[in-house]
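S.K.: Protein chains in written order, with this note's numbering: chain V, 1 to 202; chain G, 203 to 404. Please read through the structure below; I'll follow up with questions.
Protein chains: 2
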Amino acid sequence: MSKGFLLVLSGPSGSGKGTVSEALMKRAKDIVFSTSITTRAPRPNEVDGENYFFISEERFEEMVANDELLEHAFVHTNYYGTPKEFVFEQIKKGEIVLLEIDVQGALQIKERYKEAVFVFLIPPTMDELRNRIIKRGTESEKDIETRFANAFKELDFVDEYDYFVVNDVVEKAVEDIEAIIVAERLRVKRHENIKENVTEKR
Amino acid sequence: MSKGFLLVLSGPSGSGKGTVSEALMKRAKDIVFSTSITTRAPRPNEVDGENYFFISEERFEEMVANDELLEHAFVHTNYYGTPKEFVFEQIKKGEIVLLEIDVQGALQIKERYKEAVFVFLIPPTMDELRNRIIKRGTESEKDIETRFANAFKELDFVDEYDYFVVNDVVEKAVEDIEAIIVAERLRVKRHENIKENVTEKR
Chain V
1 MSKGFLLVLS GPSGSGKGTV SEALMKRAKD IVFSTSITTR APRPNEVDGE
51 NYFFISEERF EEMVANDELL EHAFVHTNYY GTPKEFVFEQ IKKGEIVLLE
101 IDVQGALQIK ERYKEAVFVF LIPPTMDELR NRIIKRGTES EKDIETRFAN
151 AFKELDFVDE YDYFVVNDVV EKAVEDIEAI IVAERLRVKR HENIKENVTE
201 KR
Chain G
203 MSKGFLLVLS GPSGSGKGTV SEALMKRAKD IVFSTSITTR APRPNEVDGE
253 NYFFISEERF EEMVANDELL EHAFVHTNYY GTPKEFVFEQ IKKGEIVLLE
303 IDVQGALQIK ERYKEAVFVF LIPPTMDELR NRIIKRGTES EKDIETRFAN
353 AFKELDFVDE YDYFVVNDVV EKAVEDIEAI IVAERLRVKR HENIKENVTE
403 KR
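Have a look at this one:
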């Protein structure tokens, strides 16, 4: 069995990382999803421990102070973060942990835990990226332009990643990520005693 | 399009690298096979430029002197080697070049061209490895034992490789190698102007 690892799936807004990550979790039965923590109140349809772990601001600040987070961010009046404990426990058990996160979060993780596998999801074209941002339909014209401009800037960070996957057709993007997972599992560095495992088998 | 690369498929005798490499070439249409050179005479069924490039000893020694080979070896009274020119030309064109080679050859290549992707093919068990060596049926009991002992020793070199693939069922081994190829193509370092390719597309 290979050692576990953290797969960071990231990309600018409109790259479709939410959709791809969901489709990947549905198909791949041997991946564990890393659930984030947040201080914001749960929305009506959200389940604690599934969408997020909903925690108090005091607890969040304590976790930051104790260095318990792989990354964290303050977005509009609320904190979001990724607890180390869950990720490292799963990896120790040999699991592959999927973390879907924005580019800023991925860069924070790379500074603190560069052993992770970093995958950058990229839109097929900027027109398509704009369409996807518009399709959400929840934002003003100005917000859309801001998001688009940020996404454009964030494409510069692709060089910080190990792999990139073009998300044109979701199924194809998922297949590409699955191939990355198969290959990463086959890496010699993720195994101990390869020779012994062969020579001691009867 | 990704930059090309050299895929070195290697392993001890009995690991089945010949069979796997042949099956891979049949399935994958976008791989180019690296043909070795040799000074031995062609066997009745062998075609020049297909099985080997058959060349004179003088030419071979000239190529060694001119540093034209990625690796070379002297096996029973004959020379064998891998010409650099073909490999590097194909890589420049963006091709993936498959080189099937023994462990000693792979280690030579690693010293001279570590940018290659090194895959170690491993037998499922030592019993199966012995069976495969015996099945060839061309060797004496003593030769079989020598081959087996060498194979056992060569397993130590797996740590010099990037990936390892267990060759139990050939189709499964080929699929694993195909996943490695897909993943390696998606490596950020194998691409230039990723951002430009997205932003300039309409």
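Glycine is no exception: its CB is placed at the ideal position from the N, C-alpha and C atoms.
From Thr401 of chain G to Arg136 of chain V, what distance separates their C-alpha atoms?
M.R.: Answer to the nearest angstrom: the Cα atoms are 21 Å apart.
S.K.: What residue does the alpha helix (DSSP H) around Leu388 of chain G start on, and which one ends it?
M.R.: Looking at the DSSP string, Leu388 of chain G is not in any alpha helix (DSSP H), and its letter there is neither H nor E.
S.K.: Mind reading off the beta-carbon distance from Leu388 of chain G to Asp176 of chain V? Whole number of angstroms is fine, and I expect it under 8 Å.
M.R.: Yes, they are in contact, since the Cβ atoms of Leu388 of chain G and Asp176 of chain V sit about 6 Å apart, within 8 Å.
S.K.: Out of G:His274, G:Pro244, G:Asp361 and G:Arg332, which has the shortest C-alpha to C-alpha gap to Asn193 of chain V?
M.R.: Per the Cα distances, G:Asp361.
S.K.: Can we say the stretch 36-48 of chain V touches the stretch 78-91 of chain V, given the rule of at least three CB pairs closer than 8 Å?
M.R.: The stretch 36-48 of chain V is in contact with the stretch 78-91 of chain V.
S.K.: Can you list, in chain order, the residues of the stretch 336-364 of chain G whose Cβ is nearer than 9 Å to any Cβ on chain V?
M.R.: Within the stretch 336-364 of chain G, the residues whose Cβ lies closer than 9 Å to some Cβ of chain V are Phe354, Leu357, Asp358, Val360, Asp361, Glu362, Tyr363 and Asp364, listed in chain order.
S.K.: Run through DSSP, which three-state label would Asp146 of chain V get?
M.R.: Here residue 146 of chain V turns out to be Thr, not Asp, going by the sequence shown. Note: Thr146 of chain V maps to helix in three-state DSSP.
S.K.: If you compare alpha carbons, which of G:Lys316, G:Leu309 and G:Arg229 is closest to Leu208 of chain G?
M.R.: Here the closest residue by C-alpha is G:Lys316.
S.K.: Report yes or no: do three or more beta-carbon pairs, one from the stretch 12-30 of chain V and one from the stretch 91-111 of chain V, lie closer than 8 Å?
M.R.: Judged by Cβ distances under 8 Å, the stretch 12-30 of chain V makes contact with the stretch 91-111 of chain V, as three or more pairs qualify.
S.K.: Taking 8 Å as the limit between beta carbons, can you name the residues of its chain near Lys93 of chain V, skipping five residues before and five after?
M.R.: Gly4, listed in sequence order.
S.K.: Counting only C-beta atoms, is Pro214 of chain G closer than 8 Å to chain V at any point?
M.R.: Not an interface residue.
S.K.: Rounded C-beta distance between Ala183 of chain V and Ala381 of chain G? I'm assuming under 8 Å.
M.R.: Between Ala381 of chain G and Ala183 of chain V the Cβ distance is about 5 Å, and since that is below 8 Å, they are a contact.
S.K.: Could you tell me the distance, in whole angstroms, from the CA atom of Gly213 of chain G to the CA atom of Gln292 of chain G?
M.R.: If I take the Cα positions, the gap works out to 24 Å.
S.K.: What residues from the stretch 188-200 of chain V come within 8 Å of chain G, judged by C-beta to C-beta, listed N to C?
M.R.: The stretch 188-200 of chain V vs chain G, Cβ under 8 Å: Val188, His191, Ile194, Lys195, Val198 and Thr199.
S.K.: What residue does the alpha helix (DSSP H) around Val266 of chain G start on, and which one ends it?
M.R.: Element bounds for Val266 of chain G: Glu259 to Ala267.
S.K.: Is it true that the CB of Val321 of chain G sits closer than 8 Å to the CB of Asp358 of chain G?
M.R.: Not a contact, by the Cβ cut-off of 8 Å.
S.K.: So is Ser56 of chain V buried or exposed if we call it buried at 16+ other beta carbons inside 10 Å?
M.R.: Exposed, because fewer than 16 other Cβ atoms sit within 10 Å of the Cβ of Ser56 of chain V.
S.K.: Return the residue from the list G:Glu263, G:Ile335, G:Leu271 and G:Phe235 that minimises the CA-CA distance to Lys312 of chain G.
M.R.: Measuring from the Cα of Lys312 of chain G, the nearest candidate turns out to be G:Leu271.
S.K.: How would you write the range of the alpha helix (DSSP H) that Gly307 of chain G sits in, first residue to last?
M.R.: Segment Val305 to Arg314, the alpha helix (DSSP H) holding Gly307 of chain G.
S.K.: Applying a beta-carbon distance threshold of less than 7 Å, which residues of chain G neighbour Ala179 of chain V?
M.R.: Those are Ala381, Val384 and Ala385, listed as they occur along chain G.
S.K.: List the endpoints of the continuous beta strand (DSSP E) containing Leu209 of chain G.
M.R.: First-last of the beta strand (DSSP E) with Leu209 of chain G: Phe207 to Ser212.
S.K.: Are the C-beta of Thr19 of chain V and some C-beta of chain G separated by less than 8 Å?
M.R.: No, because no Cβ of chain G sits closer than 8 Å to the Cβ of Thr19 of chain V.
S.K.: Which same chain residues end up closer than 7 Å to Phe235 of chain G when comparing Cβ atoms and leaving out the 5 residues on each side of it in sequence?
M.R.: Excluding positions up to five away in sequence, the list reads Met227 and Leu300.
S.K.: Determine the direct distance from the alpha carbon of Gly251 of chain G to that of His274 of chain G, and round the result to whole angstroms.
M.R.: Their backbone Cα atoms lie some 17 Å apart in a straight line.
S.K.: Between the C-alpha atoms of Glu398 of chain G and Met63 of chain V, what's the straight-line distance to the nearest angstrom?
M.R.: About 40 Å.
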